[in-house]
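Peer 1: The listed protein sequences correspond, in order, to chains A and B.
Residues 404 to 725 in the numbering used here are what the first sequence lists, from first letter to last.
Residues 404 to 725 in the numbering used here are what the second sequence lists, from first letter to last.
Cβ coordinates follow ideal geometry from the N, Cα and C atoms, glycine included.
Here the structure is a predicted model, which is why all the values come from computation and not from measurement.
Here it is, the structure, as structure tokens.
There are 2 protein chains.
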Amino acid sequence: VTARPLRFEDEALLVLDQRALPGRETWIRCHSAAEVADCIREMAVRGAPAIGVAAAYAMALAELRGEDLERTGTLLRATRPTAVNLAWAVERAQAAAASAGDTGSLLELARELHREQDEADRRLSALGAARFKAGDRALTHCNAGALATAGYGTACGVLRSAWEQGLLAQVWVDETRPLLQGARLTAWELERAGIPHRVVADSAAGSLIARGAVDRVVVGADRIAANGDVANKIGTYPLAVLAARHEIPFYVAAPISTIDPATPDGGSIPIEERDPAEVSEHGRAFNPAFDVTPAELVTAIFTEAGVLEAPYDEAIRRVAPG
Amino acid sequence: VTARPLRFEDEALLVLDQRALPGRETWIRCHSAAEVADCIREMAVRGAPAIGVAAAYAMALAELRGEDLERTGTLLRATRPTAVNLAWAVERAQAAAASAGDTGSLLELARELHREQDEADRRLSALGAARFKAGDRALTHCNAGALATAGYGTACGVLRSAWEQGLLAQVWVDETRPLLQGARLTAWELERAGIPHRVVADSAAGSLIARGAVDRVVVGADRIAANGDVANKIGTYPLAVLAARHEIPFYVAAPISTIDPATPDGGSIPIEERDPAEVSEHGRAFNPAFDVTPAELVTAIFTEAGVLEAPYDEAIRRVAPG
Chain A
404 VTARPLRFED EALLVLDQRA LPGRETWIRC HSAAEVADCI REMAVRGAPA IGVAAAYAMA
464 LAELRGEDLE RTGTLLRATR PTAVNLAWAV ERAQAAAASA GDTGSLLELA RELHREQDEA
524 DRRLSALGAA RFKAGDRALT HCNAGALATA GYGTACGVLR SAWEQGLLAQ VWVDETRPLL
584 QGARLTAWEL ERAGIPHRVV ADSAAGSLIA RGAVDRVVVG ADRIAANGDV ANKIGTYPLA
644 VLAARHEIPF YVAAPISTID PATPDGGSIP IEERDPAEVS EHGRAFNPAF DVTPAELVTA
704 IFTEAGVLEA PYDEAIRRVA PG
Chain B
404 VTARPLRFED EALLVLDQRA LPGRETWIRC HSAAEVADCI REMAVRGAPA IGVAAAYAMA
464 LAELRGEDLE RTGTLLRATR PTAVNLAWAV ERAQAAAASA GDTGSLLELA RELHREQDEA
524 DRRLSALGAA RFKAGDRALT HCNAGALATA GYGTACGVLR SAWEQGLLAQ VWVDETRPLL
584 QGARLTAWEL ERAGIPHRVV ADSAAGSLIA RGAVDRVVVG ADRIAANGDV ANKIGTYPLA
644 VLAARHEIPF YVAAPISTID PATPDGGSIP IEERDPAEVS EHGRAFNPAF DVTPAELVTA
704 IFTEAGVLEA PYDEAIRRVA PG
């Protein structure tokens, strides 16, 4: 049932257009890195780990076409500023090209990163699911599923793993304005996996938590700073505040590649502002795509290298020494 | 510039259809209480005080047509369960009919309640604005403006009054899913009043508050319990929690008719659940229309009878002895 948003065939990257889901399943065939960059910028492919994988394939396409890898990397990194996986994948490709030199090596690297992502997802999902108890009702925000990672999924992977072990009763899915990744993508993935779920307006999560209808909150991440502060889809921070107030766990599920030891704290993470028209056709709007949750509100971070807990600076130095 | 959502002319109540705003200004001509009840149920007219005024006119229409006032009251009260102003207006009309008896008295009563609402709004707005300081940036949720009260407005009235006194720099407007009353109605009212504003996704309010971009939160109310707990549009409670965490004032602006001394606390307030299709066309959804904010998170309640502050039970007994 795992959705596969990225496929490489016949010297092209096929990108499942997530803007059209769940209504239509259309694929965009990218023959060049520039076409992949467009897909990332316009959010045909989205989710921090998935855009890292897409960027790795884009670097491979650039290599196949004999394009300048430095310039391609710069183009890719400029598409979306908050997710750090993108820069991480570009750097790995540039380093590999510098050391190897034989054409075709970057395609192998991209395929390897893609496989690694799936393995990381499965490991961190199992670690996260181990925290669940039978009958738990979880709440998630945005989409941190297979569509967002090109693997098993991170936050949704934890939910899938908990469900497979009989430890999950139901999922509350924040619709996630303005682009409705929860209502469109997470609900679609949970439906395919047969996991009971209900979509709610983002603003309803507070009263669900206050009523005792949520046992755990699980979200993904776009960048984790060296001190454990977490940038994720706008609307994540209020959930962490509400979880703390009502004393339920707030978990972050993310691969190590999401951790950026070079960013000291959340205040240093660049927050992308997107087109105000996504929010309101009627008037002037302000549309930050992400917010920052301070580490003090995070119960645990599930990674493929283990479960991180406070003090996060030490835990992060251990798994991502920068 | 005050929008007038309700007008009584030629033995009919004209209802401005708020579902079509700001795109189109269409009026629904109601000749019977049943037609007014439809407008309330379908939210052509919405906002706790405005549906109270509409219900008073509906009772007058029933009287003019010689319809049973008991049955009309029951019909009106069943349209929307959370707002208490509706029940309050119906009861006032029934009591007036029982004591007076001459046909036409209920139309006079409705006009009087309508005038009283505007006067109450202006008084409570001035009291609220007195709490503002020059340069303040306020955040509001849903629409508690002229459209919601058929008067000067409550939360938006406070903002208008603060603006007129040079004490307001900007308003952040929560779009207010699922029906977008903020993006559609509040933005429209603020535009007409010339007040600078930006619309944001509901989930963005948390990071605005965390960044220090909000000095005060001001909302309306659909019912205030005897202990000061406040039912208001879904998404109000998370704002109160965030305001408390970041130590900024969280104000409620509402006429005395919104206070229900017969409801001991927020847990006893019935929360209307609306059609899940309002939230998601794609999957199963859960759509509570309101949430409850505990009195402990409310800095002050602005009413026409004065500013209420903790301990709310005493303050409420003073102004609404029930």
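State the start and end residues of the unbroken beta strand (DSSP E) segment that holds Arg432 (chain B).
Peer 2: Trp430 to Cys433
Peer 1: Can a CB atom of chain A be found closer than 9 Å to the CB of Leu367 (chain B)?
Peer 2: Because chain B here runs from 404 to 725, residue 367 (chain B) falls outside it and cannot be looked at.
Peer 1: Do Val603 (chain A) and Leu611 (chain A) come within 9 Å of each other at the CB atom, strictly closer than that value?
Peer 2: yes
Peer 1: Between A:Ala629, A:Phe705 and A:Glu511, which has its C-alpha nearest Tyr654 (chain A)'s C-alpha?
Peer 2: A:Phe705
Peer 1: Along the segment 458-485 of chain A, what residues have a CB closer than 7 Å to any CB found in chain B?
Peer 2: none
Peer 1: Is there a Cβ of chain A sitting closer than 9 Å to that of Asn630 (chain B), yes or no?
Peer 2: no
Peer 1: Under the rule that 16 or more other beta-carbon atoms within 10 Å means buried, what is Arg720 (chain A), buried or exposed?
Peer 2: exposed
Peer 1: According to DSSP, is Leu570 (chain B) helix, strand or coil?
Peer 2: coil
Peer 1: Drop a sphere of 10 angstroms on the beta-carbon of Gly469 (chain B), count the other beta-carbons inside from all chains shown, and report buried for 16 or more, exposed for fewer.
Peer 2: exposed
Peer 1: Would Gly686 (chain A) and Glu594 (chain B) qualify as a contact pair, given that the criterion is a beta-carbon distance under 9 Å?
Peer 2: yes
Peer 1: Around the C-beta of Pro599 (chain A), are 16 or more other C-beta atoms found within 10 angstroms, so that it is buried, or is it exposed?
Peer 2: With fewer than 16 Cβ atoms within 10 Å of its Cβ, Pro599 (chain A) is classed as exposed.
Peer 1: Find the residues of chain B that neighbour Arg587 (chain A), judging by a C-beta separation of less than 7 Å, and give them in chain order.
Peer 2: His685
Peer 1: Hey, would you say the C-beta of Ala565 (chain A) is under 8 Å away from at least one heavy atom of the ligand PLP?
Peer 2: The model on display carries no ligand, and the ligand PLP is accordingly not part of it.
Peer 1: In the DSSP assignment, what are the bridge partners of Phe411 (chain B)?
Peer 2: B:Leu416
Peer 1: Helix, strand or coil: how does DSSP classify Val722 (chain B) here?
Peer 2: helix
Peer 1: Going by DSSP, name the residue or residues bridged to Gly709 (chain B).
Peer 2: Answer is B:Thr706.
Peer 1: Would you call Val633 (chain A) buried or exposed, if buried means 16 or more other Cβ atoms sit within 10 Å of its Cβ?
Peer 2: Val633 (chain A) is buried by the Cβ-count criterion.
Peer 1: What in chain B is Cβ-close to Arg580 (chain A), meaning under 8 Å?
Peer 2: Glu578, Arg580, Ala604, Asp605 and Ser606
Peer 1: Contact defined as beta carbons within less than 8 Å: I believe Pro679 (chain B) pairs with Phe693 (chain B). What is the distance between those atoms, to the nearest angstrom?
Peer 2: The beta-carbon separation of Pro679 (chain B) and Phe693 (chain B), rounded to 16 Å, does not stay under the 8 Å limit for a contact.
Peer 1: In the DSSP assignment, what are the bridge partners of Val620 (chain B)?
Peer 2: B:Leu542 and B:Phe653
Peer 1: Taking 9 Å as the cut-off, decide whether the C-beta atoms of Ser606 (chain B) and Ser606 (chain A) are in contact.
Peer 2: yes
Peer 1: Kindly indicate the opening and closing residues of the alpha helix (DSSP H) around Asp521 (chain B).
Peer 2: Where Asp521 (chain B) is concerned, the enclosing alpha helix (DSSP H) stretches over Ser508 to Ala532.
Peer 1: Any idea if Ala481 (chain B) is buried or exposed, counting beta-carbon neighbours within 10 angstroms, 16 or more meaning buried?
Peer 2: Per the 10 Å Cβ criterion, exposed.
Peer 1: Compile a chain-ordered list of the residues in the segment 521-537 of chain B whose CB is closer than 9 Å to at least one CB of chain A.
Peer 2: none
Peer 1: Going along the segment 628-658 of chain A in order, which residues come within less than 7 Å of chain B, judged by CB to CB distance?
Peer 2: Hits within the stretch, in order: Ile637, Gly638, Tyr640, Pro641, Val644, Leu645 and Arg648.
Peer 1: When DSSP labels each residue in this structure, what does Ile443 (chain B) get in the three-state scheme?
Peer 2: helix
Peer 1: Pairing CB atoms from the segment 535-552 of chain B with CB atoms from the segment 572-590 of chain B, are three or more of them under 8 Å?
Peer 2: yes
Peer 1: Going by C-alpha to C-alpha distance, which of B:Ala496, B:Ala628, B:Ala643 and B:Ala647 sits closest to Pro667 (chain B)?
Peer 2: B:Ala628
Peer 1: Starting from Glu676 (chain A), follow its DSSP beta bridges and name the residues at the other end.
Peer 2: A:Pro691
Peer 1: Nearest CA to the CA of Ile443 (chain A): which residue from A:Arg483, A:Arg677 and A:Glu515?
Peer 2: A:Arg483
Peer 1: Please state if the CB of Ile659 (chain A) and the CB of Asp618 (chain A) are separated by a distance shorter than 9 Å.
Peer 2: no
Peer 1: Using beta carbons (cut-off 9 Å, strictly below), is Pro691 (chain A) in contact with chain B?
Peer 2: yes
Peer 1: Rounded to whole angstroms, what's the CA-CA distance from Val561 (chain A) to Glu567 (chain A)? Just pull it up for me.
Peer 2: 10 Å
Peer 1: For the beta strand (DSSP E) that contains Ile454 (chain A), what are its first and last residues?
Peer 2: No beta strand (DSSP E) holds Ile454 (chain A); the alpha helix (DSSP H) holding it covers Ala451 to Leu467.
Peer 1: Can you give me the Cβ contacts of Thr405 (chain A) inside the same chain, cut-off strictly under 7 Å, excluding the 5 residues immediately before and after it?
Peer 2: Ala549 and Tyr555
Peer 1: Taking buried to mean at least 16 other C-beta atoms within 10 Å of its own C-beta, is Ala459 (chain B) buried or exposed?
Peer 2: Counting Cβ neighbours within 10 Å, Ala459 (chain B) comes out buried, since at least 16 surround it.
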